[in-house]
Each structure stands twice: as structure tokens, then as C-alpha cells.
Amino acid sequence: MLEESWAQKEFYVGLRLAPQSSFLINSADRDSGFTRTFTSGYVLGGAVGQNFTKHFGFEFSVLYSLQGQKYTRERISQGGEKVLINEQTELSYLKVPMLLRYFTPFLLEERRVYLSVHFGPQVGILLQMRQYEDSKLLPENVVYSRYIRRRDLFNPTEIHLVGAIGLEYTPSPQFLLTALIRGDYSLVDALDKTLKTPGQPNSYNATLGLILGFSYLINR
Numbered sequence: 251m252l253e254e255s256w257a258q259k260e261f262y263v264g265l266r267l268a269p270q271s272s273f274l275i276n277s278a279d280r281d282s283g284f285t286r287t288f289t290s291g292y293v294l295g296g297a298v299g300q301n302f303t304k305h306f307g308f309e310f311s312v313l314y315s316l317q318g319q320k321y322t323r324e325r326i327s328q329g330g331e332k333v334l335i336n337e338q339t340e341l342s343y344l345k346v347p348m349l350l351r352y353f354t355p356f357l358l359e360e361r362r363v364y365l366s367v368h369f370g371p372q373v374g375i376l377l378q379m380r381q382y383e384d385s386k387l388l389p390e391n392v393v394y395s396r397y398i399r400r401r402d403l404f405n406p407t408e409i410h411l412v413g414a415i416g417l418e419y420t421p422s423p424q425f426l427l428t429a430l431i432r433g434d435y436s437l438v439d440a441l442d443k444t445l446k447t448p449g450q451p452n453s454y455n456a457t458l459g460l461i462l463g464f465s466y467l468i469n470r
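Residues in the sequence shown are numbered consecutively from 251, following this note's numbering.
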């Protein structure tokens with residue numbers, strides 16, 4: 251009965267929230283002495299969706315994403331002292347994923363739980379770029395800090411591929427709860443090509459997180 255009710259309620263609106271880890275991948279980082287470290291962020295926004303059949307639908311979202319990459323590296327100063335550098339590139343994007351959804355009843359006989367798979371393209375619009383750097387002179391532990399905001403260093407628009415898999419639960423005919431492991435990966439260079447040095451490798455944005463959703467189902 252709930253499966254029929256869910257199929258009939260073909261349109262929904264909802265909220266999305268996801269803690270995520272993020273990556274800015276560049277093949278030259280290791281050669282330059284950079285070590286990538288764990289970088290956390292989040293996604294927040296809203297979604298609308300339309301179910302076409304009992305197993306397929308479409309979802310359109312508008313999301314704010316805070317992401318980037320943290321690095322550590324060491325170098326020797328001109329005076330011969332060892333310098334430990336902690337650097338963070340922080341990026342904020344407006345993301346617009348357009349995803350095909352496949353869902354099917356899973357486990358429970360009442361068919362309130364669905365296995366759900368999402369896949370499709372996403373447009374990412376760069377809102378802001380910030381970079382922080384702390385240099386610690388060893389062994390004196392003297393710290394020097396630097397902060398820049400250079401949005402022009404990065405590509406203003408990106409195209410991503412998005413994939414997600416997880417569970418959807420209908421506690422009542424009006425509401426849908428979702429929990430999905432979600433990842434996205436940029437298909438284009440994150441850096442502005444006009445400002446790159448010759449031979450500089452491309453950098454690619456990627457995220458991986460757990461997206462939680464609350465949706466209200468509406469009859470047509």
C-alpha cells in the first residue's frame with residue numbers, strides 16, 4: 251500500500267545537508283613536497299524531484315558547498331633553518347546537480363525502505379577562494395601567517411560528475427527521509443588556464459560525503 255502511495259506522490263521538495271571530505275588533486279603536489287591532509291567541509295541546500303515510474307525519477311538541487319584542501323610541507327630557509335608550512339586552500343561553490351534516480355524496495359516487507367542510486371552531471375560556480383598559510387621556523391617555533399583572497403586564480407565554472415547510493419525511507423505517505431553516500435569529481439581544470447605557468451599540471455576538485463535529506467511528498 252505504501253509503495254503505491256509513494257508512486258502516486260510523484261513530486262517532492264526537500265532539504266539537503268552533508269558533512270564531506272574534499273580533495274584538490276594535482277599530480278605535481280608530491281614532487282613539490284606537498285602532503286595532502288584530511289580536509290572537511292559541508293554541503294547545504296534544497297532539492298525538488300519528480301518520479302516518472304515506480305523505479306525512476308529525476309532530482310534537481312541547488313547546493314552551497316564549502317571545500318578545498320589542506321597541505322603540509324617542509325623547506326629550508328636561506329639561513330639554513332627548517333621551516334614547517336601548513337597551508338589551506340578554501341573554496342566555496344554554488345552547485346547545481348541534475349540527477350537521474352533509480353529506487354527499488356529494499357529489505358522490509360512493508361516496502362517503506364528503498365535502495366536508491368543517483369547519477370548525473372553537475373554545474374559548479376565558484377563563489378569565493380581563500381588561502382591560509384602558517385610558516386613555523388624550527389626549532390624557535392616562530393610562526394608567520396599569510397592570507398589571500400584570489401578568486402581569479404580558479405576557473406569560475408566547472409562541470410562535475412555526481413554519483414550517490416544509499417537508502418530512502420517513507421515513515422508516512424507524506425514524508426521521505428534519505429541517507430546517501432555521495433561523491434563528485436570535476437571534469438575540468440579547477441585553475442584558471444590564463445594564469446597558469448607553462449607545463450603546470452591540472453588540478454581537479456573532488457568531494458565525498460554523507461548527504462542527509464528530508465522531503466515532503468506532493469500529489470499531482
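Where is the CB? At the ideal position from N, CA and C, for every residue including glycine. Quick caveat, the model's predicted, so the values are computed rather than measured.
Taking every protein chain shown into account, the CB of Y364 has 16 or more other CB atoms within 10 angstroms, so this residue is buried. A Cβ-Cβ contact shorter than 8 Å links S311 with P347. In this structure, T289 keeps its C-beta atom at 8 Å or more from the C-beta atom of T322. Cβ neighbours of D442 within its own chain (closer than 7 Å, five residues either side excluded): D402, L403, F404, N405.
The Cβ atoms of H368 and E309 lie closer than 8 Å to each other. Straight-line measurement puts the Cα of L341 at about 14 Å from the Cα of L294.
Taking a 10 Å sphere around the C-beta of R396, we find fewer than 16 other C-beta atoms and assign the residue as exposed. C-alpha of A429 to C-alpha of F273: approximately 22 Å in a straight line. Just so you know, the alpha carbons of I461 and L376 end up roughly 21 Å apart. Each residue's CA atom was taken as its position, placing Y292 and S277 some 25 Å apart.
Straight-line measurement puts the Cα of I275 at about 13 Å from the Cα of Q338. Taking a C-beta distance under 8 Å as the contact criterion, S436 and A456 qualify as a contact pair.
By the criterion of a C-beta distance shorter than 6 Å, K345 is surrounded in its chain by L313, S315, Q372, G374, once the five residues flanking it on both sides are discounted.
Beta-bridge pairing by DSSP links A414 to H368, R432. Rounded to whole angstroms, Q381 and A440 show a C-alpha spacing of 15 Å.
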